[in-house]
Amino acid sequence: MKSISFTRMQDGTSAEYEFLDGLEIQYAKGLPARIEAALEKLEESLSGYQISRLEHSLQSATRAHRDARSVDYVVAALIHDIGDELAPYSHSELAASILRPYVDEKLYWIIKTHGVFQMYYYGEQMGLDKNTRERYRDNPWFDEAVEFCERYDENCFDPAYQSEPLTFFRPMLQEVFTRDPAFGERAAP
Ligand SMILES: [Fe+2]
Ligand SMILES: [Fe+2]
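Numbering-wise (the working numbering), the sequence shown opens with residue -14 and increments by one.
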């Protein structure tokens, strides 16, 4: 079979769906490379800072790695702002969605809410409520979300910091994003 013949999904046969499933699995194997390419594009994103979004991401991941964080955590740090290009007003959710099938619920949640937690450090200067994160105060992962921003985000705009290059993280991207995905198991809605 080269391609399926249906024009409405409801008309597809099991053989056709088996064929498509095989191609989808094959396609998913290229995910680490596609994520790396998307990260490279962050070199051209948001201007005005002293370092690019890619450099910020590398600094975040490098600091996490040097603190002996898990591979999952380092990868989460590396891609936490990957949504800046396509989701300027919901970038945290975009990164969290990419991670969701591959990491545990806590890490998914930390990345999903990092935008709100990050406001603590600049909200006042922008006339926003810096304490918006308080809405999550009762969450058992609150302190770890604070920690993520404090150690691996709000402080990662330093042009003097020596980060590892993107290629350093390639094996980690490979490890996390070629795992068997868990849909709705690792991360609840
Ligand atoms: Fe962010
Ligand atoms: Fe960030």
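Glycine residues also receive a C-beta, built at the ideal position from the N, C-alpha and C atoms.
Check                                                                                     : Outcome
Check: His50 C-beta below 7 Å from any heavy atom of ligand 1                             : no
For Met185, the three-state DSSP class (helix, strand or coil)                            : The requested residue 185 does not occur in the structure, where the chain is confined to residues -14 to 174.
Arg85 (DSSP reduced to helix, strand or coil)                                             : coil
Cβ pair Ser148, Leu43 closer than 8 Å                                                     : yes
The segment 17 to 35 / the segment 117 to 136 touching (three or more Cβ pairs under 8 Å) : no
Rounded C-alpha distance that separates Glu109 from Val59                                 : 29 Å
Rounded separation between Ser(-12) and Ala72 - CA only                                   : 33 Å
Check: Ser77 C-beta below 7 Å from any heavy atom of ligand 1                             : yes
Pro174 versus Asp69 - alpha carbon distance                                               : Legend: pLDDT at Pro174 = 44, less than 50; position of this residue unreliable, value from coordinates given subsequently. The alpha-carbon atoms of Pro174 and Asp69 are separated by roughly 23 Å.
6 Å CB neighbourhood of Ala167 in its chain, flanking five on each side removed           : Pro86
Nearest residue (CA-CA) to Tyr137, options Ser(-10), Asp165, Gly100, Ile83                : Gly100
C-alpha distance - Ala80 paired with Ser(-10), whole-angstrom precision                   : 35 Å
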